[in-house]
Amino acid sequence: GIPALDATIYETITSSSGHLKLTPSGSWNLSHLNAPGNAILHISDLHFGEDHGYNEEAHEGRRISNRPLWERLPQYIDSLIKVPIGALVVSGDLISRGNGDQYGRAADFLNNLIDRLGITKDHCVIVPGNHDLWTLSEVNPTRTYNHESNYRNFIRGFFLNKDDDLEHMKRIRMPNGIDCVFVGLNSARLRSDSLKEYGYVAKHRYDPLLQHMVSAMEADPTPNKNALIFGVMHHHVIPVNPIESPNEQKPVSLTLDAGEILSEFASNRVGYILHGHQHMPHVTSIEIISGVRSNGKPNSSKRPICVIGAGSAGARPERLPSQIGRNVIGVYTPGLDGISISFVQYLASMEASIFWEGKVPFHNFY
C-alpha cells in the first residue's frame, strides 16, 4: 500500500485525466501575511561550526570583532540602506559539513536576528543546502534518508510545527501593497552516490507547487495586482565564477536540471530566483525566448527571469572566493519601477560598506 500521514521515502506518482499526482503531497497555504517593511534580507551560507567566522555572543568591549553577527547585520542595514526589512530569506548551508549539533547556534542566531529586525518567524523563508543535507560521509544515503533528519528537526523546532516539508510556499504583503511570493525548493536532492555534490531539484517536486501557486494567485489577486514570484534554492542555476576549475574532489556543482527549472519557472511567471552556494554575489537577467520543455512541447513564453546569488553571510575568510574576500548579504527593495538591490560587504574585523547597488526590472506575475 501507499504510506500515508508522515512523509516517507516512498513517493508514488499516479496519473489521472492526464495530470500527474505525487503521493504523499504537501499542503500549502497562500494566504498573505502583512510585513512591517518593504525590503527582503537575503542571507546564505552562514556555515555555523568549523567554517563560521564570527563570535556568536557579545563580549566585553566594543571592538568590531567582538560583536556577534546578529547584532551587526541590522546595524549595517540601518546605516547603509535605511529600509525596514519585511522578509528574511535564508538560502541554505546554515551549518558546516552536516554537523547537526550546530543547529542550536543557527536557531539562536536567527531568533536574535528577527527580533532585531522587528519581524517574526512567519516572515522567514529557509531552504536547505548541501552542508545541511550532508552526504559525503554517507554510504547509500537514499536507503534511509537519515541525512535529512537533523535539518527536518531544526525546521520543526524553529517554526514550532510539524511541517518539515523541504518544498514550501509563503506569501508576504509589503506595506507598499506588493505581494512577494516565495517558492522554497530543496536543491540538495540526491540522484546517485556519484552525483552527491551536484544540485538537483526534480520537476515532480516543484511542479505541484507552481500549479497551486498560479491557481491561488489568479483566484486571489493583490488589491493592486502587483506580485513578484521568487524561487528560492541553494545551488546555482547559471555559472557564477568567472572561470571554473573542476577536479575530482570538488565538482562544478551547477544544478543538473537548471535548464528545466528556468524553462518551467518562466512558463509559470516566476520572475526571480534567489540562491547561495557559491559565496559569490551576482545578478544576471535572462530571457527564455525558445526552448523545449520536459514534456516535449516548445516553450516560447519570452518571460524574463532575474537570478540573484547571495554571497556568504558568515563563512570564515578562508572559505570565501579570492575575487571577493568579504562576507556579503543582499537587501532587495521591490517597487513598481523595479527592485533595488544592495549588496553589503563586511568582515569580522572590518565595518560594512556597499559592495554593489543597482536595479532590476519589476517582473509582475499579473
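Under my numbering, residues 988 to 1353 are what the sequence shown spells out, in order.
Every residue, glycine too, gets a C-beta built ideally from N, C-alpha and C.
Put residue 1342 into one of helix, strand or coil per three-state DSSP.
strand
Rounded Cβ spacing between residue 1172 and residue 1154 (contact assumed at less than 8 angstroms):
6 angstroms
Enumerate, from N- to C-terminal direction, the unbroken beta strand (DSSP E) stretches of 3 or more residues contained entirely within the region 1015-1063.
1026-1030
Assumed close pair residue 1031, residue 1300 - CB separation to whole angstroms, cut-off 8 angstroms:
6 angstroms
Please state if the CB of residue 1324 and the CB of residue 1352 are separated by a distance shorter than 9 angstroms.
no
Spatial neighbours of residue 1366 within its chain, please: CB distance less than 6 angstroms, with the 5 preceding and 5 following residues excluded, ordered by chain position.
Here the chain covers residues 988 to 1353 and nothing more, so residue 1366 does not appear.
Which of the three DSSP states, helix, strand or coil, is assigned to residue 1319?
strand
If we ignore side chains and look at the alpha-carbon of each, how far apart do residue 1156 and residue 1202 end up?
13 angstroms
Helix, strand or coil: how does DSSP classify residue 1259 here?
strand
Look up residue 1193 in the DSSP assignment and say whether it is helix, strand or coil.
helix
Comparing alpha-carbon positions, which option in 1190, 1118, 1191 and 1293 lies nearest residue 1086?
1118
Taking just the CA atoms, how far does residue 1103 sit from residue 1065?
11 angstroms
Tell me residue 1153's beta-bridge partners as DSSP assigns them.
Paired residue(s): none; residue 1153 is not in a bridge.
Could you give the DSSP three-state label for residue 1132: helix, strand or coil?
coil
Through-space distance from residue 1175 to residue 1055, alpha-carbon basis
29 angstroms
Using a Cβ-Cβ cut-off of 8 angstroms (strictly less than) and excluding sequence neighbours within five positions of residue 1208, which residues of its own chain qualify?
1214 and 1353
Helix, strand or coil at residue 1265 according to DSSP, with G and I counted as helix
coil
Can you tell me which of 1272, 1234 and 1069 puts its alpha carbon nearest to the alpha carbon of residue 1027?
1069
My output table needs one value for residue 1182: the three-state DSSP class, helix, strand or coil.
helix
DSSP three-state call for residue 1187: helix, strand or coil?
strand
Using beta-carbon positions only, say whether residue 1193 and residue 1170 come within less than 9 angstroms of one another.
yes
Nearest CA to the CA of residue 1115: which residue from 1126, 1095, 1131 and 1137?
1137
Could you give the residue range of the beta strand (DSSP E) that holds residue 1169?
1166-1171
Taking 9 angstroms as the CB-CB cut-off, is residue 1300 touching chain B?
In the structure shown, chain B cannot be found, because there is only a single protein chain.
Going by the DSSP bridge assignment, what does residue 1333 pair with across the sheet?
1314
For the ligand ADP, any of its heavy atoms closer than 8 angstroms to the Cβ of residue 1353?
Within the structure as shown, the ligand ADP is missing, as the structure has no ligands at all.
My output table needs one value for residue 1349: the three-state DSSP class, helix, strand or coil.
coil
Start-to-end residues for the beta strand (DSSP E) that takes in residue 1215:
1214-1219
Buried or exposed for residue 1258, please, with buried defined as at least 16 other CB atoms from any protein chain shown within 10 angstroms of its CB.
buried
Whole-number beta carbon distance between residue 1335 and residue 1041, since they are thought to touch under 8 angstroms
6 angstroms
Does the distance from the C-beta atom of residue 1319 to that of residue 1292 stay below 9 angstroms?
no
How should residue 1211 be labelled, buried or exposed, when 16 other C-beta atoms within 10 angstroms of its C-beta is the threshold for buried?
exposed
From 1272, 1021, 1163 and 1304, residue whose alpha carbon lies closest to that of residue 1322
1163
What span of residues does the alpha helix (DSSP H) with residue 1147 cover, start to end?
Segment: none, residue 1147 is in no alpha helix (DSSP H) and carries neither H nor E.
For residue 1272 and residue 1347, believed in contact at Cβ under 8 angstroms, the rounded distance
6 angstroms
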